[in-house]
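Protein chains in written order, with my numbering: chain A, 1 to 202; chain B, 1001 to 1202. C-beta: ideal position from N, C-alpha, C; glycine also. Since the structure is predicted, the reported quantities are computational estimates derived from the model, not experimental observations.
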DNA sequence: GGAGATGTTCACAGATCAGTATACCCGCGA
DNA sequence: TCGCGGGTATACTGATCTGTGAACATCTCC
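What follows is the structure, encoded as structure tokens:
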């Protein structure tokens, strides 16, 4: 569907090892700073194989981000599904972030990628942008489902809080708890205000 | 005092041109992606001069960030000084950000730099980290001066909002107005929103 | 017993990278 | 008049970068 990046084949074993190594290296050392030779070495694979599988470094970058996006969405979706109430579901992505942050202390891979790849034509660009738009839409849907007033505005605010919490992560200031608390307060205040007039979806 | 980066001499004309070119290129194209030859060419200067002035690319990066930080702080300070009331002073950095964002649509140069330079020993690292800590401290001082309850927690929340607004900037979602509005609400009616049932901790 | 896909080995091209060497020019102050 | 700091011009090192060419090894499936 929207997977215009990896499409077709379900990736060979060597391909998976390459992506795994690329993810570790790209995220922790930066995309431009990591060469394909290093990725090949870390994945125990020849550079030739890397190019046979992915064609170019740019495409590999896009696949790396797409895979990360997929894992992130699954984690968020699981948190949303596990939420007890609609209001809790709205802040569920923040709970997912709490888990996610424990293993990813170098900030947001997508924001970082956009910082390194200013060219809008780069295949990774759309992947990174889509990830944020997906989250924004999810916030809005969840806010609407929880009968929050002005769900679009609330979604924007939650996204800002979310991104702010990730962006300040490398500074080791432990901002996440405050962000989560504020997000919860926003949602609770909102859903408390509107109890009745709105209904429709469940 | 804290200017351990440029110190001593007030920089020669060629030096200023180099930094200006470096700023434009580093911010818009990424630090790792821009070579010193390109910077020398854009500033109409020999590479030799560049190295005579700054010694290394790493040091030039640090000077670039330090200069940017200085301009940013001046802008924020001016906005704070121009604020009519203590409460307005707390959200003044967001007004500064509004001005700043008009000319800087590639997100936060400091966050971006941290993304590209994971090595904590890099001279630019401390510059970037200090910039955020300065803002956090400023928020706290202003919050305390405005008699906001729990100024430290409020400052953290404002910093998250601030960073979130900048981080989402490259996505062209126009999140800044919502961030500013929320920040204003936190400061003006902060006690109402932030003092929920779960603020037992400090 | 092929055929095709997966992967290896190794060499190589062409560009670009950060940084250096050497020699020279010029304006300004002592 | 002399020296020196700021700057130019040009060539260079050695490393690293992305990407390719060509021949060869396995393995599975038909």
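Tell me the DSSP secondary structure of residue 31(A) in three-state form.
Coil.
Taking only beta-carbon atoms, is residue 1057(B) less than 9 Å away from chain A?
It does not; no Cβ of chain A falls within 9 Å.
Helix, strand or coil: how does DSSP classify residue 1052(B) here?
Helix at residue 1052(B).
Under 9 Å between C-beta atoms, does residue 1160(B) make it to chain A?
Cβ-Cβ to chain A under 9 Å: yes for residue 1160(B).
Along the chain, where does the alpha helix (DSSP H) containing residue 1156(B) start, and where does it finish?
That run of the alpha helix (DSSP H) goes 1151 to 1167.
Any residues in the segment 1137 to 1163 of chain B with a beta carbon nearer than 8 Å to a beta carbon of chain A? Which ones, in chain order?
Residues passing the 8 Å Cβ filter: 1153, 1156, 1157, 1159, 1160, 1161, 1162, 1163.
What do you get for residue 112(A), buried or exposed, if any count of 16 or more other CB atoms within 10 angstroms of its CB means buried?
Buried.
Within 8 Å, do at least three Cβ pairs link the segment 1129 to 1145 of chain B to the segment 1065 to 1080 of chain B?
In short, these stretches touch, since the Cβ pair count reaches three.
Give me, in chain order, the residues of the same chain whose beta-carbon lies closer than 6 Å to that of residue 187(A); leave out the 5 immediate sequence neighbours on both sides.
Result list for residue 187(A): 87, 90, 91, in chain order.
Return helix, strand or coil for residue 1059(B), following the three-state DSSP convention.
Residue 1059(B) falls in the helix class under three-state DSSP.
What are the boundary residues of the alpha helix (DSSP H) that residue 1104(B) is part of?
Looking at the DSSP string, residue 1104(B) is not in any alpha helix (DSSP H), and its letter there is neither H nor E.
For the pair the segment 1151 to 1158 of chain B and the segment 56 to 72 of chain A, tell me if three or more CB-CB distances fall below 8 Å.
Segments in contact, no.
Name, please, each residue of chain B whose Cβ falls closer than 9 Å to the Cβ of residue 116(A).
Near residue 116(A) (Cβ distances below 9 Å), the residues of chain B are 1030, 1031, 1032, 1033, 1112, 1115, 1116.
If you measure between the beta carbons of residue 1146(B) and residue 1085(B), is that distance less than 9 Å?
Result yes, Cβ atoms of residue 1146(B) and residue 1085(B) sit closer than 9 Å.
Can you give me the start and stop residues for the alpha helix (DSSP H) that residue 119(A) sits inside?
It is not in any alpha helix (DSSP H) - residue 119(A) carries neither H nor E in the DSSP assignment.
State yes or no: is the C-beta of residue 93(A) within less than 9 Å of the C-beta of residue 65(A)?
Their beta carbons are not under 9 Å apart, which means residue 93(A) does not touch residue 65(A) by this criterion.
On the CB-based measure, 16 or more other CB atoms within 10 Å of its CB, does residue 1168(B) come out buried or exposed?
Classification for residue 1168(B): buried.
Pick out whichever of 1062(B), 1042(B), 1098(B), 1051(B) has its Cα sitting closest to the Cα of residue 1079(B).
When only C-alpha atoms are compared, the closest one is 1098(B).
Could you check whether the Cβ of residue 1165(B) sits closer than 9 Å to any Cβ belonging to chain A?
Answer yes: the Cβ-Cβ gap between residue 1165(B) and chain A drops below 9 Å somewhere.
Per DSSP, what kind of secondary structure is residue 1127(B) in: helix, strand or coil?
Helix.
Using the Cα positions of residue 177(A) and residue 1012(B), report the straight-line distance between them to the nearest angstrom.
Whole-angstrom Cα-Cα distance: 47 Å.
Since residue 1037(B) is in the alpha helix (DSSP H), which residue starts that stretch and which ends it?
1036 to 1042 is the span of the alpha helix (DSSP H), which, as asked, contains residue 1037(B).
In this structure, does DSSP put residue 1045(B) in helix, strand or coil?
Residue state, collapsed to three classes: coil.
Quick check on the burial criterion: 16 or more other C-beta atoms within 10 angstroms. Buried or exposed for residue 175(A)?
Answer is buried; the Cβ neighbour count reaches 16.
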